[in-house]
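Just so it is clear: in the sequence shown, position 13 is 12 by numbering that gives the first Met the number 0, and no numbers are missing. Think of the CB as a built atom: it goes at the ideal place given N, C-alpha and C, for glycine as much as any other residue. Only a predicted model underlies this, so the values are computations on that prediction, with no experimental measurement involved. These notes concern the structure reproduced below.
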Amino acid sequence: MANYTYFVMTPGADWRSYVHYTDGTEGNYVKFGDSEHDHDDLGIRNAYRTHNPDIGVAAVMPSSTLTNPGLGTRLKHVMINAGCQRVEGTAEWFFLPKANAQKLFAAMSKWDSKEITVNNYAALVNAVENSV
């Protein structure tokens, strides 16, 4: 059972950083994840730093009332339904254009530490949909 949901972006240790491809495309990789433990921003960042030193954590949200699937999985489906581009070879990461990624990072920052329940779930989904 997932008790916490987090949102991360890379590059993102500085939320204004982004990937710049030779074709001119600019953007970031984003992910919602579920965890049984409250790792806080530093704990999540340290877990990802083993293979990615430039990770930004916008939100860690208690979410124990939303299970089967967990909140992170539910939000992943929101991203899929919104037509977001999945990162090839992964099941959880998405690529967003820079402006959308930064908008989503800012929106998710407002949800940091807020407990997500059936009462505010729709507002969170709306925040994600309006950012991507």
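Give the straight-line distance between the Cα atoms of D13 and F31, rounded to the nearest whole angstrom.
As a working note, residue 13 is residue 14 in the sequence shown. As a working note, residue 31 is residue 32 in the sequence shown. Rounded to whole angstroms, D13 to F31 spans 18 Å at the Cα level.
Less than 7 Å between the beta carbons of Y20 and F94, yes or no?
Looking up residue 20 in the sequence shown gives position 21. Looking up residue 94 in the sequence shown gives position 95. No, these two residues do not count as a Cβ contact at 7 Å.
Going by DSSP in three states, E87 sits in which element: helix, strand or coil?
For the purposes of this step, residue 87 is taken as the residue at position 88 of the sequence shown. For E87, the secondary structure class from DSSP, reduced to helix, strand or coil, is coil.
Less than 7 Å between the beta carbons of A57 and F104, yes or no?
Taking the sequence shown and counting its residues from 1, one reaches residue 57 at position 58. Taking the sequence shown and counting its residues from 1, one reaches residue 104 at position 105. Contact flag set, yes.
Beta-carbon contacts of G23 that lie in its chain and below 8 Å, excluding the five residues immediately before and after:
Within the sequence shown, the letter at position 24 stands for residue 23. When the five nearest sequence neighbours on each side are left out, no beta carbon in the same chain lies closer than 8 Å to the beta carbon of G23.
Less than 7 Å separating the beta-carbons of V77 and V127?
By one-based count along the sequence shown, residue 77 stands at place 78. By one-based count along the sequence shown, residue 127 stands at place 128. In this structure, V127 lies closer than 7 Å to V77 by Cβ.
Measuring straight from C-alpha to C-alpha, what distance separates C83 and L74?
As a first step, residue 83 is located in the sequence shown; it is residue number 84 there, counting from the start. As a first step, residue 74 is located in the sequence shown; it is residue number 75 there, counting from the start. Taking the straight line joining both Cα atoms gives about 12 Å.
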